[in-house]
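Residues 816 to 956, numbered by my numbering, are exactly what the sequence shown covers, in order. Note that the Cβ used here is the ideal one computed from N, Cα and C, for glycine as well. A quick note: this is a predicted structure, and the numbers were derived from the prediction, not measured.
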Amino acid sequence: MYAAVSDMTSRFEEAELVQVTDQDGTGAIVEAVVLAAISDATTEINTYAGRKYAPAALLAAMPPMLTNVCCDIARYELFKRKGEMPQVVQDAYNAAIKWLKNLADGTTVLDVGGIEVAPAVNTIQTAPSIVACMRDKYRGL
């Protein structure tokens, strides 16, 4: 995962995280709920970033920008589960998705410390036509 619970608590108010995770009224952040949101965010990031970078390599490099984006998406997921969406959370999510789309299409480049860009997944390799090869081989006979 591109973020940890500690990343969420350092970026967002504790009261906010309690509000969106504590369904039992304990007054504490429910880490399992935060981790589920981070996992969902990581999956969403991989759908975009995976077009250019191998997810395992990204996890090894752990670029700080991915942690930021992951936290914004996870925060959005937490509020979505709660059924409410503050505009600031929606705006941060929209900005994160826009950045990921730019990453996927190559407009934005991620500093990953020398990790090679993944080859395009949707490519098709073709071989020369057998008929063309035969025609060239037997030309002039």
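Minimum Cβ-Cβ distance from residue i to chain D less than 8 angstroms
| i | result |
| --- | --- |
| T922 | No chain D is present in this structure, which holds just one protein chain. |
Assigned secondary structure, residue i (DSSP; H/G/I helix, E/B strand, else coil)
| i | result |
| --- | --- |
| A852 | helix |
| E829 | helix |
| Q940 | Because the pLDDT of Q940 is 49, which lies under 50, any placement of that residue in the model is unreliable, and the number read from its coordinates should be weighed accordingly. Q940 falls in the coil class under three-state DSSP. |
| Q902 | helix |
| I860 | helix |
| T923 | coil |
| Y817 | coil |
| L845 | According to the sequence shown, residue 845 is Val rather than Leu. V845: coil per DSSP, three-state reduction. |
Rounded straight-line distance, which links the Cα of residue j to that of residue i
| i | j | result |
| --- | --- | --- |
| N883 | T824 | 12 angstroms |
| G842 | I888 | 23 angstroms |
| E859 | D837 | 24 angstroms |
| A935 | A851 | Residue confidence for A935 is low, a pLDDT of 46 falling below 50, so the modelled location carries little weight and cannot support an answer. |
| K913 | E828 | 25 angstroms |
| D839 | M880 | 33 angstroms |
| Q902 | Y891 | 10 angstroms |
| K897 | G921 | 34 angstroms |
Beta-carbon gap between residue i and residue j smaller than 8 angstroms
| i | j | result |
| --- | --- | --- |
| Y868 | L832 | no |
| V927 | L893 | no |
| D853 | M816 | Here residue 853 is Ile; the residue named in the question, Asp, does not match the sequence. Yes. |
Nearest-angstrom beta carbon gap, residue j and residue i [assumed within contact, 8 angstroms]
| i | j | result |
| --- | --- | --- |
| A919 | Y863 | 4 angstroms |
| C886 | A818 | 5 angstroms |
Buried/exposed call for residue i, threshold 16 Cβ in 10 Å
| i | result |
| --- | --- |
| A847 | exposed |
| V820 | buried |
| T857 | buried |
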